[in-house]
Amino acid sequence: MYEFDSRVRYSEVDSNQNLTVLGLIDYFQDCSTFQSEDLGIGVDYLNEHKVGWVVVSYHVSIERLPRLGEHIRIQTFPYNLKGMFGSRNYAIQDDAGNCIACADSLWVLVDLATGKPTRIPADIGDRYELGTPLAIEKTNRKIILPEDAVPEEPIPVQRYFLDTNHHMNNGKYIMVAQAYLPKDFPVASFRVEYRNQAHLGDLLHPYVASYPDKIIVSLCNEAKVPFASLEFYRKAEDSKASV
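Counting the sequence shown from 1 gives a position; our numbering is that position plus 1.
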């Protein structure tokens, strides 16, 4: 288990003083990055060996979002490393030690020269201590774009969307997609399936399907092939007859 303590900053909250969904993912991503850096297999190591971790999917469950100024503890650990893939859990605890959000994720190691998956070398895999997976409901990783999804205005990939692998950072897809959530849509859980890497100058063509209990956002290329698809579920007690 790797963990670090933090405090929710003003720059990370929404108009209700709650941590944003993007902020939640950023904490998760930072935690696993810190672990890799501390183990000596972080960004510089990966760049030197011309490989990089690319996320395949997230499944995030939210009991509640921490509020402005709240002290939190972010935790992560990989629980399976096999072939080209790595599975990793995340959790956020409040001051009382309650788990208020958790996530399951799947990653693939990619050869940066070819853009293709590559086997995890022992020098990377052996440095991680595997943990016991959290009791997170397993769901189908595939997110199907409904036929009634409505197209929205295309969005160009900006330079600040990119990460150290020179493609659109996984959190930025969530940043773009959450703009299509209504203000009265508290998120209980969400899933993300990453299909293709978007690069600087690419156009994201959003397609949005809204239902009483969920909203699906697919960010596609001009041929309607998804870069990433996201499915947000409304908290049950806040469900309404229509969105």
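Each residue gets a CB set at the ideal place from its N, CA and C atoms; glycine is no exception.
Computed from a predicted model, the values in this text were never measured in an experiment.
| Asked | Found |
| --- | --- |
| Taking the C-alpha atoms as reference points, what is the distance between V22 and D203? | 24 Å |
| Helix, strand or coil for E223 per DSSP? | coil |
| Anyone know if the C-beta pair for R196 and L231 falls short of 8 Å? | no |
| Any idea what DSSP makes of N81, helix, strand or coil? | strand |
| Cβ atoms of L201 and R160: under 8 Å apart, would you say? | yes |
| How would you label S190, buried or exposed, when you count the other beta carbons within 10 angstroms and need 16 or more for buried? | buried |
| Can you list, in chain order, the residues of its chain whose CB lies under 6 Å from that of K83, leaving out five sequence neighbours each side? | none |
| Using the three-state DSSP reduction, which class does M169 fall into: helix, strand or coil? | strand |
| Check G87 in the structure and name its three-state DSSP category. | strand |
| Can you check DSSP and say which residues form a bridge with L163? | M169 |
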